[in-house]
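Heads up: the structure comes next, in structure tokens.
2 protein chains.
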Amino acid sequence: MQISSRFTLAVHIFVCIDTFGSEYKVTSDFLAGSTNVNPVIIRKILSQLKGAGLIEVARGTGGTTVTRPLDKITFFDIYNAVECVERGELFHFHENPSANCPVGRNIHHILDDKLFRVQSALEKELDSITLADVKQDAEKYLREENIYPNAF
Amino acid sequence: MQISSRFTLAVHIFVCIDTFGSEYKVTSDFLAGSTNVNPVIIRKILSQLKGAGLIEVARGTGGTTVTRPLDKITFFDIYNAVECVERGELFHFHENPSANCPVGRNIHHILDDKLFRVQSALEKELDSITLADVKQDAEKYLREENIYPNAF
DNA sequence: TCTTGTTGTAATGTCAATCATTACAATGCT
DNA sequence: AGCATTGTAATGATTGACATTACAACAAGA
Numbered sequence: 000m001q002i003s004s005r006f007t008l009a010v011h012i013f014v015c016i017d018t019f020g021s022e023y024k025v026t027s028d029f030l031a032g033s034t035n036v037n038p039v040i041i042r043k044i045l046s047q048l049k050g051a052g053l054i055e056v057a058r059g060t061g062g063t064t065v066t067r068p069l070d071k072i073t074f075f076d077i078y079n080a081v082e083c084v085e086r087g088e089l090f091h092f093h094e095n096p097s098a099n100c101p102v103g104r105n106i107h108h109i110l111d112d113k114l115f116r117v118q119s120a121l122e123k124e125l126d127s128i129t130l131a132d133v134k135q136d137a138e139k140y141l142r143e144e145n146i147y148p149n150a151f
Numbered sequence: 000m001q002i003s004s005r006f007t008l009a010v011h012i013f014v015c016i017d018t019f020g021s022e023y024k025v026t027s028d029f030l031a032g033s034t035n036v037n038p039v040i041i042r043k044i045l046s047q048l049k050g051a052g053l054i055e056v057a058r059g060t061g062g063t064t065v066t067r068p069l070d071k072i073t074f075f076d077i078y079n080a081v082e083c084v085e086r087g088e089l090f091h092f093h094e095n096p097s098a099n100c101p102v103g104r105n106i107h108h109i110l111d112d113k114l115f116r117v118q119s120a121l122e123k124e125l126d127s128i129t130l131a132d133v134k135q136d137a138e139k140y141l142r143e144e145n146i147y148p149n150a151f
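Chains as they are written, first to last, in numbering that gives the first Met the number 0: chain A, 0 to 151; chain B, 0 to 151.
Here it is, written out as structure tokens:
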């Protein structure tokens, strides 16, 4: 299985807030337009990001703002916020290995630390990338677009 | 989403082959007993492992053997064999970001290298763990069981 | 205070993947 | 030939993802 597109959507949302926030009111409809994803899905993600304290969403009036400097928000923060992985466990284990088999009743002992190492490697890399890195590249690509505005 | 239990099942299967292969004929029914998973599912996984050249399965007569020394089979080999991740892409991207939005039409450029880094970190760690490592721990736990055979 | 634009959320539906299960032809020993 | 086993198709239950409709709650401006 793949990690839910909620993750890439969430990052997309942050880029939009940063790029357009000063010029436009960034609503769920606005974001739905940019991502081409249903506004209700966007609101669900916004609600998760809000729950993690990463953004603030204005009820009634609408609009979204980021609560922290971008270099203080990592991919791991976002990944946790949008709950890409059930119970924080990357690997799905077969539920009931046989207690009658020596291998079956020890398979968790044998594998858990190794699976944890793999999961930690993923999480560590996620934690090494911040939205400031993303912003930097975003600005680079948007600038190049302005230099060659009609290139395609 | 989580990585399919096919992965942990496949490792479990290897441990069984190594532990019991000299004493028993390791059939899909035998493995179904140890894993507590339907034999047809086991056969599907065996077929994928066979397709990757990691094991051989005897038609008709039944039984499974490993084709290589265990230190030459990594978790990454198994992970690839059982196709836990579609198209090899760990992150599911939202399909059609808006071409009318500067962010929408650049989001792939902006994110792809970062997502690739994360995926590579996962794969590198998977590749650093071999079935020989698993065998070593398996023997340790099984030995401890024999020292305290009725412990629980 | 009424209107307007928006958020939050429930309800429903479609689709794809996982895993279980039944069934059976094909296979290769004995 | 008989037998245990593999390979595979078909069907079903369950779950998560994402889309969509609907509407109450909300905040601000007219």
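Don't be surprised by glycine CBs; every beta carbon is placed ideally from N, CA and C.
In this text, all values refer to a predicted model and were calculated from it rather than measured experimentally.
Exercise for the section: Taking B:Thr73 and B:Ile128 to be in contact with their CB atoms under 8 Å, please state how far apart those CB atoms are, rounded to whole angstroms. Expected result: Indexing the second sequence from 1 puts residue 73 of chain B at position 74. Indexing the second sequence from 1 puts residue 128 of chain B at position 129. Confirmed, about 6 Å.
Problem - In DSSP terms, what A:Thr129 is bridged to - result: Numbered from 1 along the first sequence, position 130 holds the residue referred to as residue 129 of chain A. In the DSSP output, where bridge partners are listed per residue, A:Thr129 has A:Thr73.
Handout entry: Separation of A:Asn95 from B:Asp17, as counted between CA atoms
Key = On the second sequence, residue 17 of chain B is found 18 positions in, with the first residue counted as 1. On the first sequence, residue 95 of chain A is found 96 positions in, with the first residue counted as 1. Going by the C-alpha atoms only, they are around 21 Å apart.
Problem - Spatially closest choice to B:Met0 from A:Asp70, A:Tyr78, A:Leu130 and A:Leu125, by CA coordinates - result: Walking along the second sequence from the start, residue 0 of chain B turns up at place 1. Minimum Cα distance to B:Met0 is reached at A:Tyr78.
Handout entry: Closest residue to B:Val10 among A:Val14, A:His107, A:Ser4 and A:Cys15 (Cα-Cα distance)
Key = As a working note, residue 10 of chain B is residue 11 in the second sequence. Of the candidates A:Val14, A:His107, A:Ser4 and A:Cys15, the one whose C-alpha sits nearest the C-alpha of B:Val10 is A:His107.
Practice task
Report the neighbours of B:Lys49 on chain A: residues whose CB is nearer than 9 Å to its CB, in chain order.
Solution key: Position 50 of the second sequence, counting from 1, holds the residue named residue 49 of chain B. By Cβ distance, chain A contributes nothing, its closest Cβ being about 20 Å from B:Lys49, past 9 Å.
Problem - Interface positions of the region 31-57 of chain B facing chain A (Cβ-Cβ less than 8 Å), listed along the chain - result: Cβ proximity to chain A below 8 Å picks out Gly32, Ser33, Thr34, Asn35 and Val36 from the region 31-57 of chain B.
Problem - Same chain, Cβ closer than 8 Å to A:Ser97, five either side skipped, listed in chain order - result: Position 98 of the first sequence, counted from the first residue, corresponds to residue 97 of chain A. Correct list, in chain order: Gly103 and Arg104.
Practice task
Check each candidate in B:Val117, B:Ile109, B:Phe75 and B:Glu124 and name the one with the smallest Cα separation from A:Gln135.
Solution key: As a position in the first sequence, residue 135 of chain A is number 136, starting the count at 1. The shortest C-alpha separation from A:Gln135 is found at B:Ile109.
Practice task
Could you tell me the boundaries of the beta strand (DSSP E) in which A:Thr63 lies?
Solution key: What you label residue 63 of chain A is simply residue 64 of the first sequence in a count that begins at 1. Thr63 to Val65 is the span of the beta strand (DSSP E), which, as asked, contains A:Thr63.
Practice task
Using a cut-off of 7 Å between C-beta atoms, extract the partners of B:Tyr23 located in chain A.
Solution key: By 1-based counting over the second sequence, the position of residue 23 of chain B is 24. For the C-beta of B:Tyr23, not a single chain A residue is nearer than 7 Å; the gap to the nearest is close to 11 Å.
Exercise for the section: State the Cα-Cα distance for the pair A:His93 and B:Asn35, rounded to the nearest angstrom. Expected result: One-based indexing of the first sequence puts residue 93 of chain A at position 94. One-based indexing of the second sequence puts residue 35 of chain B at position 36. For A:His93 and B:Asn35, the distance between alpha carbons rounds to 8 Å.
Practice task
Spatial neighbours of B:Leu114 within its chain, please: CB distance less than 7 Å, with the 5 preceding and 5 following residues excluded, ordered by chain position.
Solution key: Taking the second sequence and counting its residues from 1, the one referred to as residue 114 of chain B is at position 115. Excluding sequence neighbours, B:Leu114 sits near Phe90.
Exercise for the section: Could you tell me which uninterrupted alpha helix (DSSP H) segments, each at least 4 residues in length, are contained entirely in the region 85-127 of chain B, listed from first to last along the chain? Expected result: 106-126
Exercise for the section: Report yes or no: is there a C-beta of chain B within less than 8 Å of the C-beta of A:Glu88? Expected result: On the first sequence, residue 88 of chain A is found 89 positions in, with the first residue counted as 1. Yes, its Cβ sits closer than 8 Å to a Cβ of chain B.
Problem - Cβ pair B:Ile54, B:Thr63 closer than 8 Å - result: Locating residue 54 of chain B in the second sequence gives position 55, counting from the first residue. Locating residue 63 of chain B in the second sequence gives position 64, counting from the first residue. It is a contact, given that the beta carbons lie within the stated cut-off.
Practice task
Identify whether A:Ile16 lies in helix, strand or coil by the three-state DSSP scheme.
Solution key: Start at 1 with the first residue of the first sequence, and residue 16 of chain A comes out as number 17. Judged by DSSP in its simplified three-state form, A:Ile16 adopts helix.
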